[in-house]
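>
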Amino acid sequence: MAIQQQLIQWAGAVTLVAAASSSATAWAEDAHSYARLDDVSTPHLELNLTVDFAEQQLEGTATYDLLRRSDATAIHLDTRDLTIQKTEIWQDGAWQETPFALGEPHQTLGQELTVTIGEDADKLRIHYETAPTASGLQWLTPAQTAGKEHPFMFSQSQPIHARSWIPIQDTPALRLTYNAQVYTPAGLLAVMSADNSLSDDRDGNYSFTMPQPIPPYLIAIAVGDLEIKSISDNVAVFAESYIIDDAAWEWADTPAMITATEKMYGPYRWDRYDLLVLPPSFPFGGMENPRLSFITPTVVSGDRSLINLIAHELAHSWSGNLVTNASWRDLWLNEGFTSYVENRIMEALFGERRAQMELALGYQDLLADMERLPAADTVLNIDLGTRHPDDVFSNVPYVKGQLFLVYLEHKFGRDVFDAFLRQYFADFAFQSISTAQFKHYLAKNLLAKHPNVVSMDKVNEWIHEPGLPADAPKPESDAFAQVERQMQRWLKGGQLQTAEWTTHEWLHFINNLPLDISSTNMKRLDNDYHLTASSNAEIAHAWLKLAITKKYEPARDRLRNYLLNIGRNKLVSPLYRELAKTPENLKWAREVYEQAKSGYHPLTQTVNEALLYPEH
Ligand SMILES: [Zn+2]
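Residue numbering for the sequence shown is -28 to -1, 1 to 588, as defined by mature numbering (1 follows the signal peptide of the UniProt record, and there is no 0).
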């Protein structure tokens, strides 16, 4: 009882704590959805979709089981740019048409779809089609793929784009299972975040089942000229043929990563874990779609140096997919925990030195973001209002969240903290929780059990205050300290010893070169180490960014090429941001962008147009 009272004071939000055991709390919190889950929710979805490459649209039906929680006679769903043809309810043993209404379009939220469901219908069917401009789908012409012969289509539903290809209660507070029937042109393969078959049959008619309940943003689909290569009994790569062997080699450690994570945090609960290589326009590094992570080809570097991205997506099988943020304000519960688990996987497989380098690189990125962002956006439990979560994407939920957990690990000791996390994943498996619920759980299961180690005031400072607490961990790396010593010698005309360097040392070296580096030294570096020509997308990115700042013209053609051929937002957007700083570069960047645009994902387009055309 005493703990209970303390909790209420600590949390500040009395009602949230009082209702922490009822998930209704989380539902009321999501400002990014029209759904009213406490009236009626949709625990199961049946999709029946035809993939039309000529029209660049999906067409078909979404059928929901209805779970009624009140006497409401209407259901509210989220849509964006969907054409709703007809809505029906299952009543008296037959489908019967029922009225629906679409609300006014909202720039961030899309359109509310309200459907009359009467008093006792237990199924709802919606006939609809998507728009070619659906924000959650990208349609690539054959020319925009590596193979050049077949088109490619893929979804990116996180955070609030599922509603652009399925009329849905698009809040992560909902969990639903799904089945799907998908029709494609013969010869192409459809895959989903579900039980993908390893058969090489390409008849254009595919069935899927996702038996574990997931939030809507994890529903995913891709269709393309895909091949399959197994890495182990329960891990395979799906990819276009040009990259499938390289990707399978690059990610050969994935089965060992699964074993290592299970040892630390409990069983992998999703059966298979497969990896899909997307076209270069994929806007993210990876997307943790359950059972089938979507991965950018830019991490197939040929030296396995960027496999921490696979560790990250795999880690989401515990943090994020198993225990999910209830709203986008709570994203740090997904990404902070995942960044922490990712680094622990890297340490387990490749040792402390490499894990520490990656932590230090993340910390540098976080500090750069914190300098750029308004203070309010450096808070973990961020106040988004109805701003689009894509617009406030940064390293804060990732790395600040990770540092918070590193801090707790240091304070309580690794054994205690690992046991706590393992139990946390088990206790909230297949649930969506809010920051308030997490704080409640933390207070009861860690802070109270080990008193006087970390106060709730300190926890609140981490979660609700901007910036970093004064006693936050400041990750450093011995390997990087050595790089810095070498850099000092090199700047005075000495030689670099780079034989042992991995991607991480190179990134640290390039990112920390003095901004007044001479053009002679830029040339010397490029001549000796061929950085302009680097085939490693991360090293090339760091170098090209410096080349823009330093007006290093020999890199200009490569920069154009890079921007035309890669659409991963993390790699292109900092380059456009740097280019936008001078009028001549901005003019040049707009020309390149107009040429590159059709190959970019809608999300990459939105973010970079804001940089290049801020007046729009
Ligand atoms: Zn993530």
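Glycine is no exception: its CB is placed at the ideal position from the N, C-alpha and C atoms.
Since I believe Asn297 is in contact with Pro188 (beta carbons under 8 Å), could you give me their beta-carbon distance rounded to a whole number of angstroms?
Not a contact, Cβ separation roughly 13 Å.
> Roughly how many whole angstroms lie between the Cα atoms of Arg241 and Ser289?
Distance between the alpha carbons of Arg241 and Ser289: 8 Å.
> Would you tell me roughly how many angstroms separate the C-alpha atoms of Tyr565 and Gly334, rounded to the nearest one?
When rounded, the distance between both Cα atoms is 28 Å.
> Using a threshold of 7 Å, state whether the C-beta atoms of Gln395 and Gly308 are closer than that.
No. Outside cutoff.
> Cα separation between Pro114 and Pro252?
Taking the straight line from one Cα to the other gives about 13 Å.
> Assess contact between the segment 48 to 58 and the segment 82 to 96, defined as three or more Cβ pairs (one per stretch) separated by less than 8 Å. Is contact present?
With the cut-off at 8 Å, the segment 48 to 58 and the segment 82 to 96 touch.
> Using a Cβ-Cβ cut-off of 7 Å (strictly less than) and excluding sequence neighbours within five positions of Glu60, which residues of its own chain qualify?
Answer for Glu60: Trp67, Gln68, Glu69, Thr70, Arg97, listed in chain order.
> To the nearest angstrom, how far is it from the Cα of Ala519 to the Cα of Glu525?
Cα to Cα, the separation comes out at about 7 Å.
> When you compare the segment 337 to 347 with the segment 390 to 410, are there three or more beta-carbon pairs, one atom per stretch, that lie closer than 8 Å?
Touching, no, given that fewer than three Cβ pairs across the two stretches are closer than 8 Å.
> Cutting at 7 Å between CB atoms, please list the residues of its own chain near Trp300, excluding the five before and the five after it.
Answer for Trp300: His4, Pro131, Leu356, Pro361, listed in chain order.
> So, does the CB of Arg97 fall closer than 7 Å to a CB anywhere in chain D?
Note that chain D does not occur in the displayed structure, where there is just one protein chain.
> Could you tell me which residues DSSP pairs with Phe124 in its beta bridges?
Leu112.
> One question on the structure: do Ala109 and Phe124 come within less than 7 Å of each other, judged by their Cβ atoms?
Correcting the residue identity first, residue 109 is Leu in this sequence and not Ala. Taking 7 Å as the Cβ cut-off, Leu109 and Phe124 do not qualify as a contacting pair.
> In this structure, does DSSP put Trp242 in helix, strand or coil?
Looking at Trp242 - three-state DSSP - the assignment turns out to be coil, as it is neither helix nor strand.
> Buried or exposed: where does Gly65 fall if 16 or more other Cβ atoms within 10 Å of its Cβ makes it buried?
Its Cβ having fewer than 16 others within 10 Å, Gly65 is exposed.
> Beta carbon of Thr102, beta carbon of Gln29: below 7 Å?
In this structure, Gln29 lies closer than 7 Å to Thr102 by Cβ.
> So, does the segment 35 to 44 touch the segment 8 to 23, judging by three or more C-beta pairs under 8 Å?
These segments touch.
> Hey, quick one: how far does the alpha helix (DSSP H) through Val544 stretch, first residue to last?
Counting along the chain, the alpha helix (DSSP H) containing Val544 begins and ends at 541 to 551.
> My output table needs one value for Val431: the three-state DSSP class, helix, strand or coil.
Here Val431 sits in helix by DSSP.
> Note down the Cα distance separating Trp(-2) from Pro441, rounded to an integer number of angstroms.
Residue confidence for Trp(-2) is low, a pLDDT of 46 falling below 50, so the modelled location carries little weight and cannot support an answer.
> So, is Glu472 buried or exposed, given that buried needs 16 or more other C-beta atoms within 10 angstroms?
Per the 10 Å Cβ criterion, exposed.
> Let me know if Gly571 comes out buried or exposed under the rule of 16 or more other beta-carbons within 10 Å of its beta-carbon.
Classification for Gly571: buried.
> Over the uninterrupted beta strand (DSSP E) stretch that includes Asn499, give me the two end residues.
Unbroken run through Asn499 is the alpha helix (DSSP H), 491 to 501; no beta strand (DSSP E).
> Determine the DSSP secondary structure at Thr14, reduced to helix, strand or coil.
Residue state, collapsed to three classes: strand.
> Output needed for Thr156: all residues of its chain with C-beta closer than 6 Å, excluding positions within five of it in sequence on either side, in chain order.
So the list reads Val23, Ala162, Gly176, Val195, once near-sequence residues are dropped.
> Should Val579 go down as buried or exposed, given a rule of 16 or more other Cβ atoms within 10 Å for buried?
When all chains shown are included, Val579 counts as buried.
> By the 10 Å Cβ neighbour count, where 16 or more other Cβ atoms means buried, how is Ala568 classified, buried or exposed?
Classification of Ala568: buried, given that the 10 Å Cβ count is 16 or more.
> So is Lys495 buried or exposed if we call it buried at 16+ other beta carbons inside 10 Å?
Per the 10 Å Cβ criterion, exposed.
> DSSP three-state call for Asn177: helix, strand or coil?
Of the three classes helix, strand and coil, the one that applies to Asn177 here is strand, per DSSP.
> Tell me the rounded alpha-carbon separation between Ala192 and Asn151.
When rounded, the distance between both Cα atoms is 12 Å.
> Can you tell me whether Thr(-4) is buried or exposed? The criterion is at least 16 other CB atoms within 10 Å of its CB, across all chains shown.
The predicted model places Thr(-4) with a pLDDT of 42, which falls under 50 and marks its position as unreliable; any figure quoted below should be read in that light. Flag for Thr(-4) reads buried.
> Determine, using beta carbons only, whether Tyr548 and Leu497 come nearer to each other than 7 Å.
The answer is no: Cβ separation not under 7 Å.
> Using only alpha-carbon positions, find the residue among Ala527, Asp167, Glu314 that is nearest to Leu286.
Here the closest residue by C-alpha is Glu314.
> Evaluate Asp197 with the Cβ neighbour count: other Cβ atoms within 10 Å of its Cβ, from every protein chain shown; 16 or more gives buried, anything less gives exposed.
With 16 or more other Cβ atoms within 10 Å, it is buried.
> Considering only their Cβ atoms, is the gap separating Ser165 from Leu190 smaller than 7 Å?
Cβ atoms of Leu190 and Ser165: closer than 7 Å.
> Just how far apart, CA to CA, sit Leu170 and Ala211?
Straight-line Cα distance between these residues: approximately 13 Å.
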